[in-house]
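Each remark here refers to the structure printed beneath this line.
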Amino acid sequence: MPFTELEGHPGASVVLLHAHPDDETLATGGLMARLAADGYRVVLLTGTRGEQGEVVPGPLKPLEGTRELAAVRVAELAAAMRALGVDDHRFLGAVAGARAEAGAGAGADARAGARAKAGASAEASGARAAGLDPRVYADSGMQWGPDGTAIAADDAPVDALGLAPLDEIVEDALVVVRDVAPRLLVSYDERGGYGHPDHVRMHDAAVTVSRLTGIPLYTVVADWKGDAPAAPGDVVVPLGEHRAATFAALAAHATQLTVDGGDIILSGGQRHTVADVEVFRRFDGVGPVDSDRVTAP
Numbered sequence: 005m006p007f008t009e010l011e012g013h014p015g016a017s018v019v020l021l022h023a024h025p026d027d028e029t030l031a032t033g034g035l036m037a038r039l040a041a042d043g044y045r046v047v048l049l050t051g052t053r054g055e056q057g058e059v060v061p062g063p064l065k066p067l068e069g070t071r072e073l074a075a076v077r078v079a080e081l082a083a084a085m086r087a088l089g090v091d092d093h094r095f096l097g098a099v100a101g102a103r104a105e106a107g108a109g110a111g112a113d114a115r116a117g118a119r120a121k122a123g124a125s126a127e128a129s130g131a132r133a134a135g136l137d138p139r140v141y142a143d144s145g146m147q148w149g150p151d152g153t154a155i156a157a158d159d160a161p162v163d164a165l166g167l168a169p170l171d172e173i174v175e176d177a178l179v180v181v182r183d184v185a186p187r188l189l190v191s192y193d194e195r196g197g198y199g200h201p202d203h204v205r206m207h208d209a210a211v212t213v214s215r216l217t218g219i220p221l222y223t224v225v226a227d228w229k230g231d232a233p234a235a236p237g238d239v240v241v242p243l244g245e246h247r248a249a250t251f252a253a254l255a256a257h258a259t260q261l262t263v264d265g266g267d268i269i270l271s272g273g274q275r276h277t278v279a280d281v282e283v284f285r286r287f288d289g290v291g292p293v294d295s296d297r298v299t300a301p
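By the numbering used here, the letter at position 199 of the sequence shown is numbered 203, and the numbering carries on one by one without gaps.
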């Protein structure tokens, strides 16, 4: 394993902080599959259920904008985790099983309803700090800003992850960190990859958790097209023998993308060739200011 922090620590935990279902596979699927195969404990913390996501054209398109989409994406994420060999997944905040069930039978066709019910049953455990009211972090949605970076949708809900107080997100994330005592954290770079406010919020939370605990943070090195330019000192993880598992996990996110040979086609029609490697960089930059409300484990 190329991460020096894991050398001599077989079975150590690694926590990955992502914003929406599918982000984990698009950005870190190869890494997750390799870590799991090598016997490390891989823990995925996902911020939202991706209920504002655009859906690929075709039979699943009617799910877009419906209550059922969240539960379907939860089920897709569970299938992707199985493909990657990862069995420890948690959602930031409280568990939303009741809300998933509420939308499971309404509106969509029978297949969508079945997928939604599967999502309700696949709902992962939650990560909510003691003493805080129950909360589910909502998807901020997305649109392209004038400078070509992603911004929140005009109708982003008030309980969106991108609008949530950083202190609260950090407190919830620390629940997982205290539980599994990871040797490494992995998340996005300071731009969230392509500017999405939910991605940026998870990066900020990861930086703050790293500063509070001293746990090293590695960020994904990639532009929005999926390129992965490596610099000296970066950790390069080839997909290699885990390529098939990574592509199986990508295919599981059927509402968000289509796999076509070695390419993926996103819901907006963008086609990208999946890189042969994933690249990660130790984050040593200046992060968000620590809060007096949040204390280290």
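The beta-carbon is built from N, C-alpha and C at its ideal position, and this holds for glycine as well.
Beta strand (DSSP E) segments (min. 3 residues) lying fully within the stretch 222–257: 239–242
Supposed close pair D143, E55 - CB separation, criterion 8 angstroms: For the purposes of this step, residue 143 is taken as residue 139 along the sequence shown, with counting starting at 1. For the purposes of this step, residue 55 is taken as residue 51 along the sequence shown, with counting starting at 1. Contact flag correct, Cβ pair sits at about 5 angstroms.
Exposure of G266, with buried meaning 16 or more beta-carbon neighbours within 10 Å: In the sequence shown, residue 266 corresponds to position 262, counting from 1. It is exposed - the Cβ of G266 has fewer than 16 other Cβ atoms within 10 Å.
G145 burial status per 10 Å Cβ neighbour count (16 or more: buried): As a position in the sequence shown, residue 145 is number 141, starting the count at 1. G145 should be labelled buried.
For D267, the three-state DSSP class (helix, strand or coil): Here residue 267 refers to the residue found at position 263 of the sequence shown. It is a strand residue.
D288 (DSSP reduced to helix, strand or coil): Start at 1 with the first residue of the sequence shown, and residue 288 comes out as number 284. Three-state DSSP puts D288 in coil, outside helix and strand.
Per-residue DSSP class, three states only, for L40: For this step, residue 40 is matched to residue 36 along the sequence shown. Note on residue identity: the sequence assigns Ala, not Leu, to residue 40. Note: A40 maps to helix in three-state DSSP.
Beta bridge counterpart(s) of G130 as assigned by DSSP: Counting from one through the sequence shown, the residue named residue 130 turns up at place 126. Answer by DSSP bridge pairing, in chain order: F95.
Buried versus exposed call for V240 [16 or more other C-beta atoms within 10 Å across all chains shown]: Along the sequence shown, read from residue 1 onward, the residue named residue 240 stands at position 236. Per the 10 Å Cβ criterion, exposed.
Alpha-carbon to alpha-carbon, V211 and R3: No answer is possible for residue 3: it lies beyond the span of the chain, which begins at 5 and ends at 301.
Extent of the continuous beta strand (DSSP E) to which T212 belongs: Looking up residue 212 in the sequence shown gives position 208. Here T212 belongs to no beta strand (DSSP E); instead the alpha helix (DSSP H) covers 201–217.
Cβ shell of E80 (< 7 angstroms), same chain only, five flanking positions each side left out: Start at 1 with the first residue of the sequence shown, and residue 80 comes out as number 76. Only P25, A256, H257, A258, T259 meet the Cβ criterion.
Proximity test, Cβ basis, 8 angstroms: G145 and chain D: Structure shown: chain D not included; a single protein chain is present.
Assigned secondary structure, L35 (DSSP; H/G/I helix, E/B strand, else coil): Within the sequence shown, numbered from 1, the residue matching residue 35 stands at position 31. Note: L35 maps to helix in three-state DSSP.
V174 versus L254, G33, I269, R205, residue with shortest Cα-Cα distance: Indexing the sequence shown from 1 puts residue 174 at position 170. Nearest C-alpha to V174: R205.
Classification of V283 by the beta-carbon crowding that lies within 10 angstroms, buried from 16 upward: As a first step, residue 283 is located in the sequence shown; it is residue number 279 there, counting from the start. V283 is buried by the Cβ-count criterion.
Through-space distance from Y141 to A164, alpha-carbon basis: Your numbering for residue 164 matches position 160 in the sequence shown. Your numbering for residue 141 matches position 137 in the sequence shown. Looking at the two C-alpha atoms, the distance is approximately 6 angstroms.
Limits of the alpha helix (DSSP H) - the one that V78 falls within: Position 74 of the sequence shown, counted from the start, is the residue given in the question as residue 78. First-last of the alpha helix (DSSP H) with V78: 72–88.
Contact under 8 angstroms by Cβ, V78 with V47: Translated into positions along the sequence shown, residue 78 becomes position 74. Translated into positions along the sequence shown, residue 47 becomes position 43. Not in contact: V78 and V47 (Cβ atoms no closer than 8 angstroms).
Whole-Å CB distance - A23 paired with D202, under 8 angstroms assumed: As a first step, residue 23 is located in the sequence shown; it is residue number 19 there, counting from the start. As a first step, residue 202 is located in the sequence shown; it is residue number 198 there, counting from the start. Rounded, the Cβ-Cβ distance is 4 angstroms, consistent with contact.
Three-way DSSP call (helix, strand, coil) for A185 in this model: The sequence position of residue 185 within the sequence shown is 181, counting from 1. Three-state result, A185: coil.
Bridge partners - A164, DSSP secondary structure assignment: If you number the sequence shown from 1, residue 164 lands on position 160. DSSP lists A142 as partners of A164.
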